[in-house]
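Peer 1: Just so you know, we're using full-length UniProt numbering here: the sequence shown kicks off at 1 and counts up by one.
Think of the CB as a built atom: it goes at the ideal place given N, C-alpha and C, for glycine as much as any other residue.
Following this message is one structure expressed as structure tokens.
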Amino acid sequence: MTSDPRLSAPIFNHLRGNLEKLSQEIHQMIQSFDIKESGILNEFDEIHHLFHEVQINAASYYLRSYLAPYTNHFSALSTAIQHLSERNHGALIVIERNDELNTFIHSGVLIHANLSSALLESIFYSGNPLHDGAVLIRNHEIISAANILPVSDRKSNVKKLGTRHRAALGISELTDALVLVVSEETGRATFALDGNLYPIMAKGLH
């Protein structure tokens with residue numbers, strides 16, 4: 001990633017505790033590996049679930065740090081992502097950071113409105129004609145909606161990801177923008193940064 005913000009002591013201790021728990025689970029699994037005749041697949045599944053939980057908690061904590069210098073409306077963003085995720089409403093939200101994005105996005109409808117969770121949710125409501133494109137956020141303002149983003153052409157991404165995620169990766173490969181994505185199919189929330197996708201838990205954003 002482009003920066004390495006330091007975690008606060010409570011967050012660091014929480015993540016460290018989760019990692020220690022994961023380490024203990026793996027150690028116990030190794031110890032009992034030779035004597036168990038069944039159930040090993042269930043233990044793999046439990047460890048995978050725990051590892052994924054650690055990963056998305058860490059990503060959620062870092063996300064706030066990455067956005068803090070560029071907008072003080074993180075609460076509005078997190079609320080919108082949570083509600084959109086719960087309703088399986090697809091969303092694509094681009095937060096401009098240091099790189100100016102006008103030359104990389106196209107065909108947006110100008111909005112120039114204060115950033116709020118209610119407005120973001122209404123834009124991505126399935127009946128809204130603006131819901132298919134990307135929203136551009138600069139500082140504390142929704143600049144435009146229904147924007148078209150450059151799509152990642154990495155072959156590994158094309159096969160596995162939908163259009164929203166490929167667009168999120170595309171703009172993040174070309175600029176330092178941070179992009180929030182909600183899958184319309186699963187409701188899962190992720191963010192793209194530096195050409196990578198990171199899973200986040202909506203309920204862990206606050």
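Spatial neighbours of Glu141 within its chain, please: C-beta separation below 8 Å, excluding the five flanking residues on both sides.
Peer 2: Translated into positions along the sequence shown, residue 141 becomes position 141. Once the five neighbours on either side are set aside, the close Cβ partners of Glu141 are His112, Ala113, Asn114 and Leu115.
Peer 1: With 16 other CB atoms within 10 Å as the buried threshold, where does His89 fall?
Peer 2: As a first step, residue 89 is located in the sequence shown; it is residue number 89 there, counting from the start. Label assigned to His89: buried.
Peer 1: Could you give the DSSP three-state label for Thr79: helix, strand or coil?
Peer 2: Taking the sequence shown and counting its residues from 1, the one referred to as residue 79 is at position 79. Looking at Thr79 - three-state DSSP - the assignment turns out to be helix.
Peer 1: So what's Asn114 in DSSP terms, helix, strand or just coil?
Peer 2: Counted from its first residue, the sequence shown places residue 114 at position 114. Strand, per DSSP.
Peer 1: Is the CB-CB distance between Ala91 and Leu101 below 8 Å?
Peer 2: By 1-based counting over the sequence shown, the position of residue 91 is 91. By 1-based counting over the sequence shown, the position of residue 101 is 101. For Ala91 and Leu101, no; Cβs fall outside 8 Å.
Peer 1: With a threshold of 6 Å on Cβ separation, who are the neighbours of Ile93 within its own chain once the five nearest residues in sequence on each side are excluded?
Peer 2: For the purposes of this step, residue 93 is identified with residue 93 of the sequence shown, where counting begins at 1. Result list for Ile93: Val135 and Leu180, in chain order.
Peer 1: I need the DSSP call for Ile200, collapsed to helix, strand or coil.
Peer 2: On the sequence shown, position 200 is the one that residue 200 refers to. Of the three classes helix, strand and coil, the one that applies to Ile200 here is strand, per DSSP.
Peer 1: DSSP three-state call for Ser144: helix, strand or coil?
Peer 2: Taking the first residue of the sequence shown as position 1, residue 144 is located at position 144. Ser144: strand per DSSP, three-state reduction.
Peer 1: Which term fits Asp4, buried or exposed, when burial requires 16 or more other beta carbons within 10 angstroms of its beta carbon?
Peer 2: Against the sequence shown, residue 4 aligns to sequence position 4. Note that Asp4 has pLDDT 46, beneath the 50 cutoff, so the model's placement of it is unreliable and the number below is only indicative. Exposed: under 16 other Cβ atoms inside 10 Å.
Peer 1: Please determine, among Leu119, Arg154 and Glu46, the residue with the shortest C-alpha to C-alpha distance to Ile137.
Peer 2: Taking the sequence shown and counting its residues from 1, the one referred to as residue 137 is at position 137. The option with the nearest alpha carbon to Ile137 is Leu119.
Peer 1: Just to confirm my understanding: we take Asn98, look at its own chain, exclude 5 residues before and 5 after, and list those with CB closer than 6 Å. What are they?
Peer 2: Position 98 of the sequence shown, counting from 1, holds the residue named residue 98. Same-chain partners within the cutoff: Asp176.
Peer 1: Consult DSSP for Thr190 and reduce its assignment to one of helix, strand or coil.
Peer 2: Taking the sequence shown and counting its residues from 1, one reaches residue 190 at position 190. Looking at Thr190 - three-state DSSP - the assignment turns out to be strand.
Peer 1: Can you list, in chain order, the residues of its chain with a C-beta nearer than 8 Å to that of Asn128? Leave out the 5 residues immediately preceding and following it.
Peer 2: Here residue 128 is taken as the residue at index 128 of the sequence shown, counted from 1. Only Ser122 meet the Cβ criterion.
Peer 1: By how many angstroms is the C-alpha of Leu22 removed from the C-alpha of Ile30?
Peer 2: Position 30 of the sequence shown holds residue 30. Position 22 of the sequence shown holds residue 22. Each residue's alpha carbon lies about 12 Å from the other.
Peer 1: Relative to the alpha-carbon of Val182, which residue among Tyr66, Leu77 and Asn139 has its alpha-carbon at the smallest distance?
Peer 2: Indexing the sequence shown from 1 puts residue 182 at position 182. That would be Leu77, whose Cα lies nearest to the Cα of Val182.
Peer 1: For Ile137, write down the residues that DSSP places opposite it in a beta bridge.
Peer 2: Along the sequence shown, one-based indexing puts residue 137 at 137. Note: Ile137 sits in a beta bridge opposite Ile95 and Ile142.
Peer 1: What are the start and end residues of the alpha helix (DSSP H) that includes Leu149?
Peer 2: Start at 1 with the first residue of the sequence shown, and residue 149 comes out as number 149. Unbroken run through Leu149: none, as it is neither H nor E.
Peer 1: How about Ile95 and Thr71: are their beta carbons less than 8 Å apart?
Peer 2: Looking up residue 95 in the sequence shown gives position 95. Looking up residue 71 in the sequence shown gives position 71. Contact flag set, yes.
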